[in-house]
Amino acid sequence: MAVGRAEFAERHWDRAPVLSRAADLPRDYLDLLSPDAIDELIAERGVRTPFLRMARDGTVLDRGCFTRSGGFGAEMPDQIDSAGVFTEFSAGATIVLQGLHRLWPPIIDFVRALVDDIGHPVQANAYVTPPSSRGFDPHYDTHDVFVLQVAGTKEWVVHPPVQELPLPGQPWTAHRSGVAAAARVEPFLSATLEPGDALYLPRGWIHSARARGETSVHLTIGVAPTTRHDVVRILADALGEDVELRRALPLGTDHTDATAVAGEIARTIELVGRRLGHPPEEPSLVESVAAAVGDRFVALTRPAPVRPLATLEAIAAFDAGTTVRWRSALHGTVTTSSDAVSLALPDRTITLPPECASAVETIAGGGRVCARDLPGLSVEDGVVVLRRLLREGVVVPTG
15 MAVGRAEFAE RHWDRAPVLS RAADLPRDYL DLLSPDAIDE LIAERGVRTP
65 FLRMARDGTV LDRGCFTRSG GFGAEMPDQI DSAGVFTEFS AGATIVLQGL
115 HRLWPPIIDF VRALVDDIGH PVQANAYVTP PSSRGFDPHY DTHDVFVLQV
165 AGTKEWVVHP PVQELPLPGQ PWTAHRSGVA AAARVEPFLS ATLEPGDALY
215 LPRGWIHSAR ARGETSVHLT IGVAPTTRHD VVRILADALG EDVELRRALP
265 LGTDHTDATA VAGEIARTIE LVGRRLGHPP EEPSLVESVA AAVGDRFVAL
315 TRPAPVRPLA TLEAIAAFDA GTTVRWRSAL HGTVTTSSDA VSLALPDRTI
365 TLPPECASAV ETIAGGGRVC ARDLPGLSVE DGVVVLRRLL REGVVVPTG
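Numbered according to the numbering used here, the sequence shown spans residues 15 to 413.
Next up, the structure:
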């Protein structure tokens with residue numbers, strides 16, 4: 015039986031693995047990547063490291079085994095050598111295609127939709143394992159993963175964490191002996207994934223996988239969640255604006271005297287408490303930290319790409335009936351004054367006349383619009399505004 019969104023959020027997200035069979039899922043994932051697509055990426059797309067790496071029986075191979083110069087006209091020294099990849103793959107090495115959310119159109123679109131749905135940064139890697147082979151030893155990841163089996167079958171063995179919900183700075187290699195010991199006991203889950211099956215693993219859950227009697231291809235969709243620890247770090251940076259928290263500890267402090275240091279820690283906590291209880295007339299610390307959390311998310315994600323040639327053609331042919339939409343995942347804030355409408359984007363601010371306020375709000379709503387749809391503007395002015403936003407990469411053609 016399929017796990018619904020509410021049940022997943024309550025019982026599994028950040029808590030426990032869940033295995034979903036293809037028949038229980040609302041869609042399959044076989045259209046995202048195929049063996050033919052993998053061959054195309056390796057043989058014909060000029061992929062460079064680190065977008066591809068290889069591993070065998072827990073050891074990552076030196077990239078010199080499968081890279082070489084691109085030759086005349088493409089003299090990059092780290093392009094993938096398809097023959098080298100084949101040699102290592104046929105000897106049992108797993109191919110890892112990394113960053114497919116930047117390389118392969120179906121996965122680019124899929125990951126962009128996932129970011130909107132999950133609300134955290136998402137990446138996508140593919141693991142291509144030859145028959146009866148294993149790429150990596152039992153380990154855990156410091157990000158959540160959704161495993162989507164695309165081709166072939168793979169046996170997965172999952173054990174509970176030795177480090178629950180690890181942070182990026184808490185890798186499994188810091189607990190190597192504990193991970194190895196945990197992997198020797200009865201697993202939490204042992205299952206063979208077939209095409210269309212999906213497995214969710216919260217960060218920290220120990221896992222290993224082995225292909226069965228045929229080549230296995232699976233996608234690992236990695237999610238880097240914003241944790242409360244991240245919020246605390248951002249809060250600590252924001253507290254650096256308080257001069258009292260920038261003051262040095264007293265002259266002559268014995269840093270090896272636990273009692274003395276504990277007293278300074280208590281004093282610091284008191285000062286932080288006072289700052290968090292700021293007078294109402296001061297700028298809100300919560301608001302500034304919230305803005306910084308948003309800035310961090312924007313820095314870790316990307317909006318939908320702009321197609322330069324198609325966009326230039328659309329600008330040249332633009333008229334009152336041309337439809338556009340807000341560029342997906344482009345984060346912008348609209349503010350209005352008596353003098354202007356300001357559209358603040360991550361890298362710049364666009365200013366428009368104040369009478370454009372309602373039109374800009376309509377455009378930012380995300381639906382398809384044309385010049386005739388914009389409230390408060392004539393059709394002619396609507397054409398001018400949309401053409402400018404198209405040129406600025408704020409909207410994209412829908413045709």
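Every residue, glycine too, gets a C-beta built ideally from N, C-alpha and C.
If you count every other CB in all the chains shown that lies within 10 Å of the CB of residue i, and 16 or more means buried, which is it?
i    : result
A140 : buried
G335 : exposed
D155 : buried
T234 : buried
I109 : buried
Are residue i and residue j close, meaning C-beta to C-beta below 7 Å?
i    : j    : result
L388 : A378 : no
D38  : A16  : yes
A223 : K168 : yes
S96  : I132 : no
I94  : V142 : no
F202 : H173 : yes
V237 : D158 : yes
For the alpha helix (DSSP H) that residue i lies in, which residues bound it at each end?
i    : result
L179 : Here L179 belongs to no alpha helix (DSSP H), and DSSP marks it neither H nor E.
G236 : Counting along the chain, G236 falls outside any alpha helix (DSSP H), though it belongs to the beta strand (DSSP E) covering 230 to 237.
T325 : 322 to 330
A304 : 299 to 314
R41  : Taken as a continuous stretch (DSSP letters only), R41 belongs to no alpha helix (DSSP H), as it is neither H nor E.
R25  : Taken as a continuous stretch (DSSP letters only), R25 belongs to no alpha helix (DSSP H), as it is neither H nor E.
Residue i to residue j, Cα distance in whole Å?
i    : j    : result
H134 : L215 : 16 Å
V312 : F160 : 22 Å
I279 : L259 : 11 Å
D395 : V408 : 17 Å
V383 : V338 : 6 Å
D333 : F103 : 54 Å
E54  : G98  : 15 Å
L114 : D271 : 52 Å
V307 : S351 : 26 Å
L323 : T187 : 47 Å
R126 : P319 : 11 Å
V245 : G149 : 35 Å
R190 : A330 : 60 Å
S342 : A354 : 25 Å
V176 : T282 : 33 Å
What is the DSSP secondary structure of residue i, reduced to helix, strand or coil?
i    : result
W186 : helix
A354 : coil
R382 : coil
G200 : Looking at the sequence itself, residue 200 is Glu, so the reference to Gly does not match. Of the three classes helix, strand and coil, the one that applies to E200 here is coil, per DSSP.
F65  : coil
A105 : coil
D158 : strand
P145 : coil
H153 : strand
P216 : coil
Is any heavy atom in the ligand ZN found nearer than 6 Å to the beta carbon of residue i?
i    : result
D123 : The ligand ZN is not part of this structure, which contains no ligands at all.
Starting from residue i and walking both ways along the beta strand (DSSP E), at which residues does that stretch end?
i    : result
E169 : 168 to 173
H221 : 220 to 225
Does residue i come within less than 7 Å of chain D when only Cβ atoms are used?
i    : result
G227 : Absent from the structure is chain D; it holds one protein chain and no more.
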